[in-house]
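Asker: Before we start, here is the structure in question, set down as structure tokens.
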Amino acid sequence: MDQYGKNGNSAPSDARGKLRVLVVDDHHDSARALSRLLSNCGYQAEMAHDVASALRVAADRPIDLLVSDISLPDGTGLDLIRTLRQAGPVKGIALSGHSGPAAVKSSEDAGFSIHLAKPVDFDSLRQTLDKLAGVT
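If you read the sequence shown in the numbering used here, its first letter stands for residue 71, the second for the next number, and so on.
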């Protein structure tokens with residue numbers, strides 16, 4: 071078995087299982103796949119497809135980490151993280167088709183910890199989440 075286990079994902083960590091990750095992407099298949107991969111890694115992953123549904127999920131129970139597309143049908147991931155951070159601390163990873171300096175700065179200014187360009191390499195995303203979450 072390789073370092074990622076049978077299905078290419080890392081083994082679940084007890085620390086990951088305590089962390090709630092919200093994946094927000096208006097592309098339903100992408101959100102579903104990413105949520106499933108994060109769940110397989112041991113995170114409590116949930117998904118939403120727009121700002122309004124993401125805020126409803128977060129209002130139900132606070133989230134620890136946000137992984138969000140920037141372009142959403144009813145706003146932006148930038149709006150989303152700003153609103154979530156008003157309610158309490160949340161770390162976030164922005165996902166975007168734009169990777170230039172201006173896009174990265176906008177993400178950081180809004181409160182995202184990291185800006186990753188699409189298509190995202192899942193192993194890099196998982197390592198980044200682990201680092202943000204303090205999972206070793």
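The beta carbon of each residue, even a glycine, is placed where N, CA and C say it ideally should be.
Here's the rule I'm using: 16 or more other beta-carbon atoms within 10 Å means buried, otherwise exposed. How should Gln73 be labelled?
Answerer: Unreliable positioning characterises Gln73 in this predicted model, as indicated by a pLDDT of 33, which lies under 50. A coordinate reading is not provided.
Asker: Which of helix, strand or coil does DSSP assign to Lys188?
Answerer: In this structure, Lys188 counts as coil in the three-state DSSP scheme.
Asker: For Val121, collect the residues of the same chain with a Cβ closer than 7 angstroms to its Cβ; drop the 5 residues on either side in sequence, then sort them by chain order.
Answerer: Excluding sequence neighbours, Val121 sits near Leu142, Asp144, Gly145, Asp149, Leu150.
Asker: Measure the beta-carbon distance from Arg131 to Arg90 and round it to whole angstroms, keeping in mind my assumption that it falls under 8 angstroms.
Answerer: Yes, they are in contact, since the Cβ atoms of Arg131 and Arg90 sit about 7 angstroms apart, within 8 angstroms.
Asker: Would DSSP call Ser183 helix, strand or coil?
Answerer: Residue state, collapsed to three classes: coil.
Asker: Assuming Ala203 and Leu135 make a contact with CB atoms under 8 angstroms, what is their CB distance in whole Å?
Answerer: At roughly 6 angstroms, the Cβ-Cβ gap stays under 8 angstroms, so Ala203 and Leu135 are in contact.
Asker: Using the Cα positions of Val160 and Leu125, report the straight-line distance between them to the nearest angstrom.
Answerer: Between Val160 and Leu125, the C-alpha separation is close to 13 angstroms.
Asker: Nearest CA to the CA of Val190: which residue from Gly181, Ala172, Ser166?
Answerer: Among Gly181, Ala172, Ser166, the Cα nearest to that of Val190 is on Ser166.
Asker: When you compare the CB positions of Ile133 and Ser177, do they come within less than 9 angstroms of one another, or not?
Answerer: No.
Asker: Would Asp99 be called buried (16 or more neighbouring beta carbons within 10 Å of its own) or exposed?
Answerer: By the neighbour-count rule (16 or more Cβ atoms within 10 Å), Asp99 is not buried but exposed.
Asker: How would you write the range of the beta strand (DSSP E) that Ser166 sits in, first residue to last?
Answerer: Its beta strand (DSSP E) spans residues 161 to 166.
Asker: On the three-state DSSP scale, how would you describe Leu104?
Answerer: Helix, per DSSP.
Asker: If you reduce the DSSP assignment to three classes, tell me which class Ser169 lands in.
Answerer: Residue state, collapsed to three classes: coil.
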